[in-house]
Structure formats: C-alpha cells, structure tokens
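Residues 202 to 424, numbered by this note's numbering, are exactly what the sequence shown covers, in order. Structure, as structure tokens:
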Amino acid sequence: MSLTFINDLHLGAVRSAGTTPATAYQLRLDLLSRFEDILYAINTDLCIGGDLFDGPDISKMDLLQTYRCLDDWLVRTGKSLYALNGNHDLAKNSTNFSSFQFLMALLLANEGRYAGRVVHIAEPIMTPHGYMIPHVANQDLFNLALEGVPECDYLFVHCNYDNKFAVESDHSLNMSAEQAKSAPVKHIVFAHEHQGRTALGGKVVIVGNQMPSSVSDCLGGQD
202 MSLTFINDLH LGAVRSAGTT PATAYQLRLD LLSRFEDILY AINTDLCIGG
252 DLFDGPDISK MDLLQTYRCL DDWLVRTGKS LYALNGNHDL AKNSTNFSSF
302 QFLMALLLAN EGRYAGRVVH IAEPIMTPHG YMIPHVANQD LFNLALEGVP
352 ECDYLFVHCN YDNKFAVESD HSLNMSAEQA KSAPVKHIVF AHEHQGRTAL
402 GGKVVIVGNQ MPSSVSDCLG GQD
C-alpha cells in the first residue's frame with residue numbers, strides 16, 4: 202500500500218516584507234495553484250504532515266479553494282487522506298475552530314461521499330501506513346507520545362529533529378537524536394522543518410516542504 206507525504210505548504214500565507222498588496226495576493230493564488238498541481242500528480246493514499254495552512258485563521262477564499270481541491274482529489278482518486286495537526290494549524294483556544302480544524306470538520310461531515318477515507322490525526326494513532334503523531338500542546342506531552350510508539354516500520358511526526366533551540370518551545374516541538382535512536386521503528390518521517398535532509402543512516406527522513414512560501418525557504422533557512 203503506497204503513501205505520498207506532503208507537508209508545510211502554508212496555504213493562505215500573507216507576507217508583508219518586500220511585497221505589495223498585489224504581490225502578496227498573487228503569492229496566495231500561486232500557492233493554491235501549486236497545491237492543486239501537486240494533488241493532480243498523486244494517485245496513492247495521501248498524508249498531509251501538518252501546517253497545511255499558514256496560521257489558525259486564513260482567508261475564507263483560500264479555505265474554500267483548499268476544500269474544493271481536496272474534495273476533487275478524494276472523489277477522483279478514491280484514495281484515503283490522513284491529515285495531521287501542525288503547529289500552525291490549531292486554534293489559539295479550545296472554544297473555537299481554526300481554519301484547518303474547520304476544513305477537516307467539513308470533510309468529515311461528508312464522510313459518506315468519501316466512504317470514510319478521511320482521517321484527521323489529532324491524537325497519536327496507528328494507521329495502515331504507520332504510527333502518526335500530530336503536533337501536541339507541549340514538549341512533555343510529545344515526549345509521552347514518543348514513549349508510547351509501538352514497534353512498526355514508519356513513524357510520522359510534526360516536529361524539529363535534534364534542535365536544541367526548540368526543546369523549550371511548545372510552539373515548536375523537538376525529537377532528540379537519542380529519542381530517534383531508541384524509537385522502535387525503521388524510519389521516522391518528519392514534517393515541520395522546511396529543508397530536506399536525512400540522519401541516523403536514513404532512519405530519520407526530513408522531507409522538507411514541497412513549495413516555498415517565504416524567502417527563507419529559498420535561502421535554506423529552517424522554520
């Protein structure tokens with residue numbers, strides 16, 4: 202069973218530095234267009250590893266177009282969608298939905314249309330493709346989730362890898378090299394970092410995002 206993994210697309214990004222209102226709007230349109238192109242090239246199950254959106258509240262126009270793209274992909278391919286919470290995807294408090302949470306609620310409300318092929322990964326869960334851990338509220342909860350990883354081939358996470366600066370930041374979780382080494386899995390697939398690389402002899406695979414949404418993505422900076 203095949204799976205395509207994409208991450209950190211940051212749809213709905215509103216950039217101000219070095220932009221005009223016209224170019225900032227064009228960036229939003231370009232991101233949506235490239236997202237649609239990416240989906241048209243995927244005919245396997247799909248995992249969105251987090252940070253589909255740039256923030257908890259994006260333009261309703263961008264939200265609607267994202268829904269249309271995913272709805273078309275689900276109907277056209279008949280494949281399954283697994284979507285993890287990223288650190289940019291969650292509402293600032295529990296009394297409201299973020300744009301991403303609202304998107305997932307819309308897709309799940311149409312469960313009959315997709316024959317139950319939409320899975321919103323809001324808690325650690327085993328899937329047919331491996332174990333998936335979304336962004337969680339703090340590092341302590343993330344460490345606890347890592348301790349509960351079962352033996353399997355693939356672990357999918359949304360966090361930094363071995364970033365000492367992220368250890369004390371709940372907004373940006375971290376998996377240490379020691380935690381990665383001890384995880385009872387063959388491969389760990391990381392979202393969150395925007396630049397691709399591997400470590401631990403290929404056990405750690407940092408995919409990197411599929412399209413730039415900021416200047417730092419083009420210069421080799423990390424999120």
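All C-beta atoms in this analysis are idealised placements derived from N, C-alpha and C, irrespective of residue type, glycine included.
Starting from the Cα of Ser300, find the closest Cα among Asp209, Ser414, Asn375, Leu264 and give me that residue.
For this step, residue 300 is matched to residue 99 along the sequence shown. Of the listed residues, the one whose Cα sits closest to Ser300 is Leu264.
May I ask which residues mark the beginning and end of the alpha helix (DSSP H) holding Arg229?
Counting from one through the sequence shown, the residue named residue 229 turns up at place 28. Looking at the DSSP string, the run of the alpha helix (DSSP H) that includes Arg229 is 222 to 241.
Please confirm whether Leu308 and His336 have their CB atoms less than 9 Å apart.
Your numbering for residue 308 matches position 107 in the sequence shown. Your numbering for residue 336 matches position 135 in the sequence shown. Cβ atoms of Leu308 and His336: not closer than 9 Å.
Quick check: the Cα distance between Val350 and Tyr332, rounded to an integer number of angstroms?
On the sequence shown, position 149 is the one that residue 350 refers to. On the sequence shown, position 131 is the one that residue 332 refers to. Taking the straight line from one Cα to the other gives about 7 Å.
To the nearest angstrom, how far is the alpha carbon of Pro276 from that of His211?
The sequence position of residue 276 within the sequence shown is 75, counting from 1. The sequence position of residue 211 within the sequence shown is 10, counting from 1. Checking the sequence shown, residue 276 turns out to be Val, not Pro. Each residue's Cα considered, the two are about 24 Å apart.
Going by the beta-carbon positions, is the gap between Gly287 and Asn208 smaller than 9 Å?
Along the sequence shown, read from residue 1 onward, the residue named residue 287 stands at position 86. Along the sequence shown, read from residue 1 onward, the residue named residue 208 stands at position 7. Yes, the pair counts as a contact, with Cβ atoms nearer than the cut-off.
Who are the near neighbours of Ala214 in its chain, counting only those whose CB is closer than 6 Å to its CB and skipping five residues on each side?
Translated into the one-based positions of the sequence shown, residue 214 becomes position 13. Only Asp255, Ser414 meet the Cβ criterion.
What three-state label does DSSP hand Lys280 in the structure shown?
Translated into the one-based positions of the sequence shown, residue 280 becomes position 79. In the structure shown, Lys280 sits in coil (DSSP, three-state: anything other than H, G, I, E or B).
Spatial neighbours of Asp354 within its chain, please: CB distance less than 8 Å, with the 5 preceding and 5 following residues excluded, ordered by chain position.
Translated into the one-based positions of the sequence shown, residue 354 becomes position 153. So the list reads Gly331, Val386, Lys387, His388, once near-sequence residues are dropped.
Does the distance between the C-beta of Phe236 and the nearest non-hydrogen atom of the ligand NAD fall short of 8 Å?
The ligand content of the structure shown is nil, which means the ligand NAD is not present either.
When the Cα atoms are used, what is the spatial distance from Met202 to Pro222?
Position 1 of the sequence shown, counted from the first residue, corresponds to residue 202. Position 21 of the sequence shown, counted from the first residue, corresponds to residue 222. Roughly 44 Å separates the two Cα atoms.
Span of the alpha helix (DSSP H) holding Asn244?
Position 43 of the sequence shown, counting from 1, holds the residue named residue 244. From DSSP, Asn244 is part of no alpha helix (DSSP H); its letter is neither H nor E.
Below 9 Å between beta carbons: does that hold for Gly251 and His359?
Here the question's residue 251 lines up with position 50 in the sequence shown. Here the question's residue 359 lines up with position 158 in the sequence shown. Closer than 9 Å, so yes.
For Tyr362, count neighbouring C-beta atoms within 10 Å of its own C-beta (all shown protein chains included) and say buried if the count is 16 or more, exposed if not.
Numbered from 1 along the sequence shown, position 161 holds the residue referred to as residue 362. Per the 10 Å Cβ criterion, buried.
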